[in-house]
Structure formats: structure tokens, C-alpha cells
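Peer 1:
Protein chains: 2
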Amino acid sequence: MIESPRSNCPINLTLEILGDKWTLLIIRDMMFGDRRHFRELLLNSEEHIASNILADRLRRLVEQGLIVKANDPSHKQKSIYSLTEKCIQLVPVLAHLAGWGSQHMPVTEEFRIRGRQLADAGPEGWNRLMEHLRQTHLEE
Amino acid sequence: MIESPRSNCPINLTLEILGDKWTLLIIRDMMFGDRRHFRELLLNSEEHIASNILADRLRRLVEQGLIVKANDPSHKQKSIYSLTEKCIQLVPVLAHLAGWGSQHMPVTEEFRIRGRQLADAGPEGWNRLMEHLRQTHLEE
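Just so you know, the protein sequences line up as chains A and B, in that order. Take 1 as the starting number for the first sequence in our numbering and just add one per residue. Take 141 as the starting number for the second sequence in our numbering and just add one per residue.
Following this line, the structure appears as C-alpha cells:
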């Protein structure tokens with residue numbers, strides 16, 4: 001999956017696939033923003049991701065089995081991206097990042113509230129969200 | 141703290157300071173490996189971090205208030221790095237990354253056990269670890 005990993009530590013291996021400034025943002029937008037087409041991910045990106053970076057990271061996420069690319073049944077010419085179970089299980093990681101950022105980074109008030117809500121939802125709330133994502137993304 | 145952040149989303153702001161392949165590994169080694177000197181962090185690095193990258197990331201972590209650099213009272217010529225409260229609060233993030241990696245990445249058996257232990261410790265276990273880190277790192 002990763003050629004010549006630097007070590008077998010699970011934190012290292014996870015960072016080898018998620019440890020850059022863009023990958024988790026794409027996952028965030030698919031999870032919480034329900035964006036599943038390339039153009040949505042590109043044009044609605046609050047961080048103004050560049051099209052070549054988006055294409056590269058989507059390709060890598062597909063390779064690593066974190067997302068799946070398929071023809072969109074409702075738009076013949078479009079591809080639709082879906083989260084896999086493996087990726088859906090990152091919800092608690094993103095929730096913790098949001099909680100930590102809400103507390104320690106200079107976020108705006110609106111974002112602070114949303115970040116805290118996500119963090120404070122706790123395992124029960126994250127499970128509900130994961131169940132919802134499974135229903136939306138894992139169905140055939 | 142960050143000049144011209146890409147957005148005010150707490151996940152984005154967090155990734156702007158932690159979203160690279162090395163920063164969280166240095167924090168991991170300080171938290172779980174009790175490494176607090178430059179040479180230890182360099183020479184014991186399982187991922188063979190390069191000395192210039194280590195120096196750069198330590199400098200940034202100090203700038204961002206995640207670690208503190210001081211003269212080591214027991215080794216006159218050495219600097220010692222300490223975690224700040226803000227950084228100690230990343231324990232649950234690292235625990236979740238370890239848990240996810242243990243489950244989904246091709247880790248060795250030994251690492252799988254250690255990763256699961258950290259993840260399964262849960263909020264109570266993480267609080268104990270955080271308390272221990274506070275006692276070791278935050279004292280004057």
C-alpha cells in the first residue's frame with residue numbers, strides 16, 4: 001500500500017497517507033459538506049484548493065482505498081466519489097482535530113461553535129454520523 | 141500565529157500547523173518516548189528524520205507555542221524541550237491516529253498491540269497520561 005514505509009508505527013503509517021495539508025480537508029468536505037463531485041470539491045473549497053492538487057489527492061485516496069470513484073448514475077458525464085468504511089472511521093480523528101483547533105487556534109465565533117459541537121458530540125454522536133455516512137456512501 | 145490562514149475552519153487551522161509528515165512524529169516521540177533533547181530526537185528516530193527537518197520543525201513548534209525550549213539544568217551545554225499544555229491536549233488526537241492505523245494499516249504485531257492499547261485506554265487513560273505529562277513537562 002505504501003512503498004517502503006519509514007517505520008511500522010501506526011501513527012507514522014497513518015501520517016504517511018494523511019499527513020499533508022490537503023488530504024484531510026478533502027475528506028472533511030466529503031464528510032461534513034456532502035461534496036462528492038470534483039467541481040464541487042474544487043469550487044466550494046474554502047481553502048481554494050488548486051485543481052491539480054485536488055486531482056492528485058483524490059487519485060491517492062482512491063489508491064489507498066479511502067474513497068471510491070464511480071460513474072454518477074444521475075449525471076452521465078460525471079464521476080462521483082464515495083467514502084469507504086475505512087475512511088468513515090476517521091470521523092473521530094476529524095472531530096478531535098476540530099475540538100483541539102476550536103480551543104487553541106484563532107477561529108471565528110461561528111467556526112468555534114461548529115467545531116465544539118462536533119467535538120462535544122462524543123462517541124455516540126460520531127457513531128450516528130458514521131451510520132449516516134455508511135447509508136449514504138456504502139450503498140451500491 | 142499563522143500568517144494569512146487559508147480559512148478559519150478549526151480543522152484547517154490545526155492542519156496548517158500539524159499537517160505535515162514530521163511534526164506529529166516529533167510530538168509522538170516527546171510524548172511517548174520521553175525524548176527531550178535534539179540528539180535523542182534525531183538519533184532514536186525510527187523514521188530517520190533528517191537533522192535540518194528536525195531543527196526546522198522544532199523551531200516552528202516553539203513559535204506556535206506547542207513546545208518550549210530551555211537550558212537543561214542537568215546538562216549545561218544542552219537545550220531541553222518541554223511540551224506545553226496546548227500540545228499535551230493533542231494526546232487524544234494521537235491516540236485516535238494510532239487506533240485507526242492499528243486497524244487499517246499494515247503494522248507489525250508488536251505495533252498493533254501498542255497502538256490498540258493507546259487507543260483503547262479511552263478518555264480516562266488519556267487523562268492519566270496527560271496528567272503525567274503535565275507533571276513532567278509543565279513544572280518550572
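Yeah, the Cβ is synthetic: ideal placement off N, Cα and C, and Gly gets one too.
Can you tell me whether D212 of chain B sits near the ligand SAM, meaning its C-beta is under 6 Å from at least one heavy atom of the ligand?
Peer 2: Ligands are entirely absent from the displayed structure, and the ligand SAM is therefore not among its contents.
Peer 1: Spell out the partners DSSP gives L223 of chain B in its beta bridges.
Peer 2: By one-based count along the second sequence, residue 223 of chain B stands at place 83. Answer is B:I207.
Peer 1: Relative to the C-alpha of L258 of chain B, which residue among B:C227, B:I207, B:M171, B:E187 is closest?
Peer 2: Within the second sequence, residue 258 of chain B is the residue found at index 118, counting from 1. When only C-alpha atoms are compared, the closest one is B:M171.
Peer 1: Is there at least one Cβ from chain B nearer than 7 Å to N71 of chain A's Cβ?
Peer 2: What you label residue 71 of chain A is simply residue 71 of the first sequence in a count that begins at 1. For N71 of chain A, the answer is no, since every Cβ of chain B falls outside 7 Å of its Cβ.
Peer 1: With the cut-off set at 7 Å, would you say L153 of chain B and P145 of chain B are in Cβ contact?
Peer 2: Residue 153 of chain B sits at position 13 when you count from the first residue of the second sequence. Residue 145 of chain B sits at position 5 when you count from the first residue of the second sequence. Yes, Cβ-Cβ distance for L153 of chain B and P145 of chain B is below 7 Å.
Peer 1: Measuring alpha carbon to alpha carbon, tell me which residue in A:K76, A:L41, A:S45, A:E85 is nearest Q64 of chain A.
Peer 2: Locating residue 64 of chain A in the first sequence gives position 64, counting from the first residue. Nearest option by C-alpha distance: A:E85.
Peer 1: Return helix, strand or coil for D169 of chain B, following the three-state DSSP convention.
Peer 2: Counting from one through the second sequence, the residue named residue 169 of chain B turns up at place 29. Of the three classes helix, strand and coil, the one that applies to D169 of chain B here is helix, per DSSP.
Peer 1: Hey, K161 of chain B and L133 of chain A: beta-carbon distance below 7 Å or not?
Peer 2: Stepping through the second sequence from its first residue, residue 161 of chain B is reached at position 21. Stepping through the first sequence from its first residue, residue 133 of chain A is reached at position 133. It is not a contact, given that the beta carbons lie outside the stated cut-off.
Peer 1: Run down chain B in chain order and give the residues with a C-beta less than 7 Å from the C-beta of N8 of chain A.
Peer 2: As a first step, residue 8 of chain A is located in the first sequence; it is residue number 8 there, counting from the start. Near N8 of chain A (Cβ distances below 7 Å), the residues of chain B are V247, T248, F251.
Peer 1: Could you tell me which chain A residues have their CB closer than 7 Å to the CB of R168 of chain B, listed as they occur along the chain?
Peer 2: Position 28 of the second sequence, counted from the first residue, corresponds to residue 168 of chain B. Correct list: I11.
Peer 1: Which residues in chain A sit within 7 Å of G173 of chain B, going by Cβ to Cβ distance?
Peer 2: Along the second sequence, read from residue 1 onward, the residue named residue 173 of chain B stands at position 33. Near G173 of chain B there are no residues of chain A at all, since even the closest Cβ is about 10 Å away, more than 7 Å.
Peer 1: Does any CB atom of chain B fall closer than 7 Å to the CB of K78 of chain A?
Peer 2: Your numbering for residue 78 of chain A matches position 78 in the first sequence. It does not: the Cβ of K78 of chain A has no partner Cβ on chain B nearer than 7 Å.
Peer 1: As a quick exercise: from A:Q77, A:P123, A:F111, pick the residue whose alpha carbon is nearest that of H236 of chain B.
Peer 2: Within the second sequence, numbered from 1, the residue matching residue 236 of chain B stands at position 96. Measuring from the Cα of H236 of chain B, the nearest candidate turns out to be A:P123.
Peer 1: Of the choices B:H277, B:H177, B:A238, B:G265, whose alpha-carbon is the least far from that of I253 of chain B?
Peer 2: Reading the second sequence from its first residue, position 113 is the one you call residue 253 of chain B. For I253 of chain B, the closest C-alpha among the options B:H277, B:H177, B:A238, B:G265 is that of B:A238.
Peer 1: Determine the direct distance from the alpha carbon of P150 of chain B to that of M105 of chain A, and round the result to whole angstroms.
Peer 2: Walking along the first sequence from the start, residue 105 of chain A turns up at place 105. Walking along the second sequence from the start, residue 150 of chain B turns up at place 10. If I take the Cα positions, the gap works out to 7 Å.
Peer 1: Would you mind telling me which residues of chain B sit closer than 8 Å to L138 of chain A, beta carbon to beta carbon, in chain order?
Peer 2: Translated into the one-based positions of the first sequence, residue 138 of chain A becomes position 138. Result: empty, since nearest Cβ-Cβ is about 16 Å, beyond 8 Å.
Peer 1: Round the Cβ separation of L54 of chain A and L43 of chain A to the nearest angstrom and send it over; I've been treating them as touching at under 8 Å.
Peer 2: Within the first sequence, numbered from 1, the residue matching residue 54 of chain A stands at position 54. Within the first sequence, numbered from 1, the residue matching residue 43 of chain A stands at position 43. Not confirmed; about 10 Å, so no contact.
Peer 1: Going by DSSP in three states, E279 of chain B sits in which element: helix, strand or coil?
Peer 2: Counting from one through the second sequence, the residue named residue 279 of chain B turns up at place 139. Looking at E279 of chain B - three-state DSSP - the assignment turns out to be coil, as it is neither helix nor strand.
Peer 1: I'd like to check one pair, T108 of chain A with N148 of chain B: are the Cβ atoms closer than 7 Å?
Peer 2: Residue numbering aside, residue 148 of chain B sits at position 8 when the second sequence is read from its first letter. Residue numbering aside, residue 108 of chain A sits at position 108 when the first sequence is read from its first letter. Their beta carbons are under 7 Å apart, which means N148 of chain B touches T108 of chain A by this criterion.
Peer 1: Just verifying my parser: in three-state terms, what is the DSSP assignment at W240 of chain B?
Peer 2: Counted from its first residue, the second sequence places residue 240 of chain B at position 100. Helix.
Peer 1: Can you tell which of B:L165, B:I167, B:D174, B:R168 has its C-alpha closest to the C-alpha of T276 of chain B?
Peer 2: As a first step, residue 276 of chain B must be located in the second sequence, where it is residue number 136. Closest by alpha carbon: B:D174.
Peer 1: Chain A partners of W240 of chain B, CB-CB under 7 Å?
Peer 2: Your numbering for residue 240 of chain B matches position 100 in the second sequence. The contacting residues are T14, Q89, L90, V93.
Peer 1: Given S51 of chain A, which residues of its chain have a CB within under 7 Å of its CB, disregarding the five upstream and five downstream residues?
Peer 2: Counting from 1 along the first sequence, the entry for residue 51 of chain A is found at position 51. Only L42 meet the Cβ criterion.
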